[in-house]
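Chains as they are written, first to last, in the numbering used here: chain X, 7 to 705; chain V, 7 to 705.
Virtual Cβ for every residue (Gly too), placed ideally from N, Cα, C.
Written as structure tokens, this is what we have:
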């Protein structure tokens, strides 16, 4: 499955902090278009499609962003929301117990009152977009390094705070076109999200890791949630009608969703570093962790239950990075990226004014990149994002949030670490206070694994390693930290959050004490990174972006930023090793592929109904829509603006989409809307859900 | 520790089969010199050292090669042999039981009759070297592809058979200087090797994986074995006297041993493939397996005992490959290799005769390399070396040896797969019939891991995967194969070996049946590889070697071939990040570094004696001798030809030595001979061993 968008974690840090790009003029179906920059003329010319304000506004308001890094859409007037099963897996896990494993069994709320709150989930629906470029550029004019970074952060925090006037609104300054454009995105926010229906994971992820990112495919990777407010389903007048006519081969198809991150305009220096170092490092790390998790799951049923969600994330991320890495290793593909940069630089250098303004940006980026490389181990292993790489336990995330929140909240809004700005605090609190069952043995094993890796990567004699481990072995320390912490109790986290610095200082919680003891080291490495690397990259990436505007004009799309975008495409297969891969699979295909052994074992519900099913019902399909991770759960929409499918994956070639789009081979993979409704009816008997959909299908 | 030499396995296959190189004229202490091509003039000129025939003959006959891919030396007149603890670990494991874990406890044969046979071990002592270049080149003249390969193999088999006139002799045609020279190495072979003394692993590998390939270091990584024949210790008049004067900083030092493989003359095309694909692939694979093994060991004491030897191999190999990979990623280092090739090619192209003869070799190698890349997955996962990559169980190795042996032995010597030639059969039988205790649960887990990886790498729909797995899950099949096999019984293996094809065909052994069922697939991919890749590489690497002879003359050393070599060096530290790392550590340093927690826990024997020890006794030292994996266990020799130390590792920079030698940073790591004798005396009270050494020290 497409990885859900990584917000700020581990090796992706550089990617996210680095450069958000602007592509060269898009050809064919390439592109992830912001709603206020749609290629309306192209749509009319190429497809004879009129992207009217009414059509655009409707699909935009019907589509949502999920806090777990996914996309989705409203599919009824009362907040019913369609997304992927793999986007709801965190919710299913948290609501499970040894006796009721919702991941394995699936879930169906027979009555409205059975719908269960998904801990920590929220839904965002895009409202206004406001251009704030002038304000941001005014605030940072003439600044560099730390001053640039501070001013940029302070102004963003101010803008976001002015916008987020209530807990129901969340606001983000989005840097588009590499800082060529800054826009304020205001979202309507729903903090009470409940689970309505989910199939069994064996049907949702049939084929498991082996079939992941492959096609032909046979997955019902869907789940229904519902947005609530004040204990009641919200009213969603804008929602997608269920398609009255299905998508067929060669039909025009749209995807609305939140592609996470693309790197299509990274400079060659940055891409080489990614290819040769960062991706390799991350792959090796994930491979080892994967080996550990797989074997940990063999300890027993409970171990498997806890390990499997994490294993899914790891295997999915691993496969995704493999694909990305392989695409960068393909000489022809990489050469295209090199040639594009050379062309742009030649055009810039040919014009004395442009050369003076923009010509130095590439060298500056290469230099910052080299500096980033020299800092990357300490960034990953001491600071990380929400937690350094060795602390794979939620207990450390909570501890760090508590320690830092206590230190940051008393400061002025503009002076805080950006994740604690007023506009973002509601989300921080929601995460911190969400229920999450932990298995102490699993947490100890994960932390042991991580502390061992910390020692290996930074070295036994690194001062930070000595400070953390002392004379203890990784296993001893991990056990002491996990057993000596009470942070798994929501009430304790609330007490410490509300108690502020005094409560933190008085606490004897071992994990909290560790987070406190190493807080200064983390802040120091982060601040050095922000001032010496991030600010240089931001500033110079902006110059590259402006150079591109100057040379090619602005009729292009920005790199993905996990904000809502529209992608235009066509339903069609592709040629693989000389053979045509057709665009559709059927429910019968799933039965043909099933061996009865995981991950090729269909659940009992399917086997029980096999003889009564219409096996030629379309199940999955591919389109050439340009999507990446973060698009998981996106609606696949027909000309009529109806929901015709549900994006849940890309084929193996689509993984190169992070760096460039190849229309010959990149394909998005979706569940056909017909399969969703048919299985709800014929296998699951989920009439309460289908009734809600049907009503809308006829609207 | 330096990895023991990989003979023929996995991703190293290409390396071994590929090109054995010839370096440019060696500077300073660089070089691994064959005994019949020593740089005597350089030794006299630079060190004023007369490498007399007597001196050379003595150290040569005193040094040995161990069948487990290590080196060693005779240190008494009655076959006492010194090598590394990590070279004897396989023996220690095989002789262990849950009640007597010799790896943990160490071993000391109080009386001669307590010395225990190491299953499968043999010792080879180099005898005659004969130039057979003319014969080999005559046999292959004018041939290419399959015909070249067949003729080459047949002639080698003939030469080796003529030479190996008894079971006590083993013979190998060694291709030196990329086939510029073929030499026949005849070894005296001792098939009965027994364990005399080994310290506890906590002392031998103190610092474990974290300190591996690092220095300062504090390991007594030594073990004493003894060569037997006819149930009696063999007489070894040539053996190394224990050093009467120790090595000191800046002293001249020699290493005699069997460096496994270097790639110092691989073409740039080959090195790029290694750097970008092969090494990355292997690292990812090892990382995942490492994660699995580490967690498997948590199942309990028996699981840990079985997993730990394999874990040691995996962690060691992983770290070694990391170092190799990082050296190739260093731009300055790689650029040097590129420049060297460009220089040679420019010289070749400047001379019309040379150009006509050699000029096309590089392109031919690049083309064969590309073909090798396209075949590498099937080579690794279907054929492999002794076993394909998914079959990590000895049961499959045995099964394949039985199946193939039965098919090959009836053939004429020259027509067999090379590993079954008459000259090699004694070794095959020794390995096959050696006792090796297996833990069925561990074998099932390893095979499950491997079969899952097979499916992932070749793809669920690959015909070979379908043939192997059928509808079974990897876990099901692994359990059925392991439980359905009796090959763990030596008697059963003997019965099947002696019974030949009839016995194989009649057997119901599941593992044997699998090996039989997939034998044709393995042979097919191997034969395609040999005919289309290996023969092209052999032929064209020979052309590159001749070009180098033509351009630079022959005063240089060949790439390592796991045959005996002499390395010349100096005892000295190096500068690391501006700081000087001194050449020696002391026993006191080990106590300073100890935390009491593995892998920094010293054994009880050391702690009990701590107060009586002379803590300033030298423990480990570094020299700039040019060594690589396979040199493990090599004697470190002073001017007097005495044993002054025992090579057991290289520093982290030495790992780049596979591709090129950097005298500023590459260091060999050794146990000081004083530490060996001192700990035997003061900690272990192993008087029977030290008495034997002392007697010789005074000779």
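Linking residue 466(V) to residue 423(X) through their CA atoms gives a straight-line distance of about 47 Å. Contact between the region 36-44 of chain V and the region 568-578 of chain V is present: 3 or more CB-CB pairs across the two stretches fall below 8 Å. Under the 10 Å beta carbon count, residue 50(V) is surrounded by fewer than 16 other beta carbons and is classified as exposed.
Taking 8 Å as the CB threshold, residue 300(V) lines the interface with chain X.
What residue 295(X) touches in chain V, judged by beta-carbon distance under 7 Å, is 297, going in chain order.
Taken in chain order, the members of the region 577-602 of chain V whose beta-carbon sits within less than 8 Å of a beta-carbon on chain X are 601, 602. Residue 257(V) sits in coil when the DSSP states are folded into three classes, being neither helix nor strand. For the pair residue 679(X) and residue 656(X), the CB atoms are not nearer than the 8 Å cut-off. Ranked by Cα distance from residue 481(V), the first of 463(V), 249(V), 449(V) is 449(V). For residue 76(X), the uninterrupted beta strand (DSSP E) segment begins and ends at 76-80.
For residue 431(V), DSSP records no beta bridge to any residue.
When only Cα atoms are considered, residue 476(V) and residue 599(X) end up about 12 Å apart. Along the region 200-232 of chain X, the positions whose C-beta sits under 9 Å from a C-beta of chain V are 213, 215, 216, 217, 220, read in chain order.
A direct Cα-Cα distance of roughly 6 Å separates residue 324(V) from residue 289(V). With fewer than three CB-CB distances shorter than 8 Å, the region 435-450 of chain X does not count as touching the region 546-555 of chain X. Cβ neighbours of residue 432(V) within its own chain (closer than 6 Å, five residues either side excluded): 173. For residue 216(X), there is no enclosing beta strand (DSSP E); the residue is found in the alpha helix (DSSP H) stretching over 214-217. Any Cβ of chain V closer than 8 Å to the Cβ of residue 604(X) would place that residue at the interface, and such an atom is present.
Less than 8 Å separates the beta-carbon of residue 268(X) from that of residue 566(X). Membership of residue 641(X) in the beta strand (DSSP E) is indicated by the continuous run 641-643. According to the DSSP assignment, residue 69(V) belongs to no alpha helix (DSSP H) but to the beta strand (DSSP E) extending over 69-72. Excluding five sequence positions before and after residue 592(X), the CB atoms of its chain that fall closer than 8 Å to its own CB belong to 621, 622, 623, 624, 625, given in chain order. Annotated three-state conformation of residue 229(V) is strand, per DSSP. The criterion of a C-beta distance shorter than 8 Å is satisfied by residue 102(V) and residue 311(V). Residue 189(X) is bridged by DSSP to 137(X), 180(X). Between residue 201(V) and residue 97(V), the CB-CB gap stays under 8 Å. Using beta-carbon distances, residue 383(X) does not count as an interface residue toward chain V, since no partner is under 8 Å.
Under the Cβ criterion of 8 Å, residue 474(V) is not counted among the residues facing chain X. Taken in chain order, the members of the region 453-472 of chain X whose beta-carbon sits within less than 7 Å of a beta-carbon on chain V are 461, 462, 466.
When rounded, the separation of the alpha-carbon atoms in residue 460(X) and residue 116(V) is 43 Å. For residue 482(V), the nearest CB of chain X lies under 8 Å from its own CB, placing it at the interface with that chain.
Rounded to whole angstroms, the gap between the alpha carbons of residue 45(X) and residue 57(X) is 9 Å. Straight-line spacing of the CA atoms in residue 613(V) and residue 168(V) works out to 56 Å.
Where residue 582(X) is concerned, the enclosing beta strand (DSSP E) starts and stops at 580-582. Residue 521(V) and residue 446(V) have their alpha carbons spaced roughly 19 Å apart. Taking the Cα positions, residue 687(V) is about 10 Å away from residue 697(V).
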